[in-house]
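First up is the structure itself, then whatever we jot down about it.
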Amino acid sequence: MERTAVRGRLSWLLADVVELIPETPRVKSIRLRVPGWTGHLPGQHVDLRLTAEDGYQAQRSYSIANPPEGENVTITVELVDNGEVSSYVHEELRVGDRIELRGPIGGYFVWEPARGGPLQLVGGGSGLVPLMAMARSLGGAAVPARMLVSARTQEDLIYRQELSRLPTEIPDLRVDYTLTRSQPDGWKGYARRVDRAMLGETTFDSGQNPQIFVCGPTGFVESVATILRELGHPPERIRTERFGPTGG
Amino acid sequence: MIDDDRHLDGNAIGGLLQVLFGREMTHELGCCGNCGAVNPLGATVVYVDAPGSVIRCPACGSVLLVAVALPTGVRVSIESLRWIDLAEIGA
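Heads up: the protein sequence lines correspond to chains A and B, in order.
Counting the first sequence from 1 gives a position; this note's numbering is that position plus 366.
Counting the second sequence from 1 gives a position; this note's numbering is that position plus 3.
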């Protein structure tokens, strides 16, 4: 299974848009069915390609949000100002449309239950997407897992309902939150950028030797990875994936 | 050390690397010809906002590989990438 998922030649496939799910005012999930899909691992991504009538092509990478489930692939796309692909996805794409993608891509920033734990996830903004595929794959795996989620506001927090439900369905999973810009009344989570004290309080310590996955904007990832190294985690246990402003 | 918010990492060019090598490459190790640092290609520093993609060593910043789009395809320049390991393949 792993072999089929991470090996092999990469070719463009046609995907059917099955469902469009608004996550926040600026983020949408797109459920796709991809005939010929060979399966994927949590953490992998796809390249999406749009072709205009004059032949102009634009291509972007999007993380896969769902755990492996046959030919189903869900991506979550944040609307980027002036982003030619994300604005098309948000404003033009309809159920029943077909789009071109290739994948699954990536073998470094991946995790599946067979790799064991403890599993430490740290996500900022839409960096939560590949981590969600990992969390959703936990199921009854009995892998101790923790997730620290950072968003600007509660409204910007993607998968909010599901995230609050997941720890009740998966007792080995703990989720902590920080809202960096504004917090609703009665907010019980953190209310600042991720820092050393927060990571110390919410994440597995280095003695537990967790596999760590950090995903988010570049500044977020660099800052979190640096602190985790200072907290004693070996660099090879900290895997990072950066989302950039060029992701449009 | 590279200190800016513009760069991404080797995960962002996983598709290109897979097209080049015919297999998943982001978990494979590469060695910088300038400083000798060995890192998974997924952990390299990547700029995709240049005309094309520039892949740099995360330790010293040396350019390892450049990929530029041409009207006819893509041109890949191998710069200071000394070696890469391909796991489970006989030479």
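Positions of the beta carbon are idealized from the N, C-alpha and C atoms, including for glycine.
Exercise. Tell me which same chain residues have a C-beta within less than 7 Å of the C-beta of R85(B), skipping the five on either side of it?
Worked result: One-based indexing of the second sequence puts residue 85(B) at position 82. Only residues of its own chain outside the window of five on either side were considered, and among them C34, C35 and G36 have a CB closer than 7 Å to the CB of R85(B), listed in chain order.
For this session: Go to Q425(A), then tell me how far its beta strand (DSSP E) extends in each direction, as first and last residue.
Result: Numbered from its first residue, the first sequence carries residue 425(A) at position 59. Residues Q423 to S429.
Exercise. With contact counted as at least three CB pairs below 8 Å, one residue from each stretch, are the stretch 458–465 of chain A and the stretch 426–438 of chain A in contact?
Worked result: Taking a cut-off of 8 Å on C-beta distances, the stretch 458–465 of chain A does not touch the stretch 426–438 of chain A, as fewer than three cross pairs fall below it.
Problem set entry | Three or more C-beta pairs below 8 Å linking the stretch 592–601 of chain A and the stretch 466–477 of chain A | Contact between the stretch 592–601 of chain A and the stretch 466–477 of chain A is absent: fewer than three C-beta pairs spanning the two stretches fall below 8 Å.
Problem set entry | Beta-bridge partners of V77(B), as assigned by DSSP | Taking the second sequence and counting its residues from 1, one reaches residue 77(B) at position 74. According to DSSP, V77(B) bridges with A72(B).
Problem set entry | Heavy atom of the ligand FMN within 6 Å of I441(A) beta-carbon | The model depicted lacks the ligand FMN and carries no ligand whatsoever.
For this session: Determine the closest residue to D101(B) out of H30(B), R9(B), L19(B) and D8(B), with distance taken between C-alpha atoms.
Result: Nothing in the structure corresponds to residue 101(B), since chain B is present only between 4 and 94.
Exercise. Touch check for the stretch 432–445 of chain A and the stretch 396–409 of chain A: three-plus C-beta pairs under 8 Å?
Worked result: With the cut-off at 8 Å, the stretch 432–445 of chain A and the stretch 396–409 of chain A touch.
Exercise. P43(B) touches chain A at which residues, Cβ-Cβ below 8 Å?
Worked result: Within the second sequence, the letter at position 40 stands for residue 43(B). By Cβ distance, chain A contributes Y474.
Problem set entry | Run of the beta strand (DSSP E) containing Y543(A), from where it starts to where it stops | Along the first sequence, read from residue 1 onward, the residue named residue 543(A) stands at position 177. Element bounds for Y543(A): L539 to L545.
Exercise. Shortest alpha-carbon distance to S395(A) belongs to which of P600(A), P496(A), I604(A) and R608(A)?
Worked result: Against the first sequence, residue 395(A) aligns to sequence position 29. It is P496(A) whose Cα lies nearest to the Cα of S395(A).
Exercise. So what's R562(A) in DSSP terms, helix, strand or just coil?
Worked result: On the first sequence, residue 562(A) is found 196 positions in, with the first residue counted as 1. Reduced to three states, the DSSP call for R562(A) is helix.
Exercise. Can you list the residues of chain A that V22(B) reaches, using a CB-CB cut of under 7 Å?
Worked result: Within the second sequence, the letter at position 19 stands for residue 22(B). For V22(B), the chain A residues whose Cβ falls inside 7 Å of its Cβ are L376, in order along the chain.
Exercise. In terms of residue numbering, what span does the beta strand (DSSP E) encompassing A511(A) cover?
Worked result: For the purposes of this step, residue 511(A) is identified with residue 145 of the first sequence, where counting begins at 1. From DSSP, the beta strand (DSSP E) with A511(A) extends over A511 to A517.
Exercise. Touch check for the stretch 504–519 of chain A and the stretch 42–49 of chain B: three-plus C-beta pairs under 8 Å?
Worked result: The stretch 42–49 of chain B and the stretch 504–519 of chain A do not touch, with fewer than three beta-carbon pairs separated by less than 8 Å.
Problem set entry | Cutoff 8 Å; reference G17(B); Cβ partners in own chain excluding five residues on either side | Within the second sequence, the letter at position 14 stands for residue 17(B). Counting only Cβ-Cβ distances below 8 Å, and skipping sequence neighbours, we find E27, M28, T29 and G45.
Problem set entry | Best match in V560(A), A511(A) and Y525(A) for proximity to P537(A) [C-alpha to C-alpha] | Numbered from 1 along the first sequence, position 171 holds the residue referred to as residue 537(A). Checked all of V560(A), A511(A) and Y525(A); the closest Cα to P537(A) is A511(A).
For this session: Show which residues of chain B have a CB atom less than 9 Å away from the CB atom of T584(A).
Result: Here residue 584(A) refers to the residue found at position 218 when the first sequence is read from its first residue. Here the neighbours are D7, D8, R9, H10, L11 and D12.
Exercise. K394(A) bridges to which residues according to DSSP?
Worked result: To locate residue 394(A), count along the first sequence from 1; it is residue 28. Paired residues: P388(A) and V443(A).
For this session: Ignore the nearest five residues each way along the sequence and tell me which others in F468(A)'s own chain have a CB closer than 8 Å to its CB.
Result: On the first sequence, residue 468(A) is found 102 positions in, with the first residue counted as 1. Note on residue identity: the sequence assigns Arg, not Phe, to residue 468(A). Excluding residues up to 5 positions away in sequence, L376, S377, W378, L379, V412, D413 and R415 lie with their Cβ nearer than 8 Å to the Cβ of R468(A) in the same chain.
For this session: Along the beta strand (DSSP E) that carries F609(A), what are the first and last residues, could you check?
Result: Numbered from its first residue, the first sequence carries residue 609(A) at position 243. Residues I604 to F609.
For this session: State the DSSP-derived secondary structure class of D522(A), mapped to helix, strand or coil.
Result: Taking the first sequence and counting its residues from 1, the one referred to as residue 522(A) is at position 156. In the displayed model, D522(A) falls within a helix according to three-state DSSP.
Exercise. In its own chain, which residues sit with a C-beta less than 8 Å from the C-beta of A371(A), not counting the 5 before and 5 after it?
Worked result: In the first sequence, residue 371(A) corresponds to position 5, counting from 1. Confidence at A371(A) is low in this model, with a pLDDT of 46, below 50, so the placement of that residue is unreliable and no value is reported for it.
Exercise. Does DSSP put G491(A) in a helix, a strand or coil?
Worked result: Position 125 of the first sequence holds residue 491(A). It is helical.
Exercise. DSSP beta-bridge partners for Q527(A)?
Worked result: Position 161 of the first sequence, counting from 1, holds the residue named residue 527(A). In DSSP, Q527(A) forms no bridge with anything.
Problem set entry | Burial state of Y422(A) (16 or more Cβ within 10 Å) | Taking the first residue of the first sequence as 1, we reach residue 422(A) at position 56. For Y422(A), the number of other beta carbons within 10 angstroms of its own is below 16, and it is reported as exposed.
Exercise. G389(A) versus chain B: which residues are under 7 Å apart at the beta carbon?
Worked result: For this step, residue 389(A) is matched to residue 23 along the first sequence. Residue 389(A) is actually Glu in this sequence, not Gly. None at all; the shortest Cβ gap to chain B is about 22 Å.
Problem set entry | Where V48(B) falls: helix, strand or coil (DSSP) | Locating residue 48(B) in the second sequence gives position 45, where the first residue counts as 1. In the structure shown, V48(B) falls within a strand segment according to DSSP collapsed to helix, strand and coil.
For this session: Measuring only between beta-carbons, confirm whether D447(A) sits less than 7 Å from chain B.
Result: Looking up residue 447(A) in the first sequence gives position 81. Using a CB distance cut-off of 7 Å, D447(A) does not count as an interface residue toward chain B.
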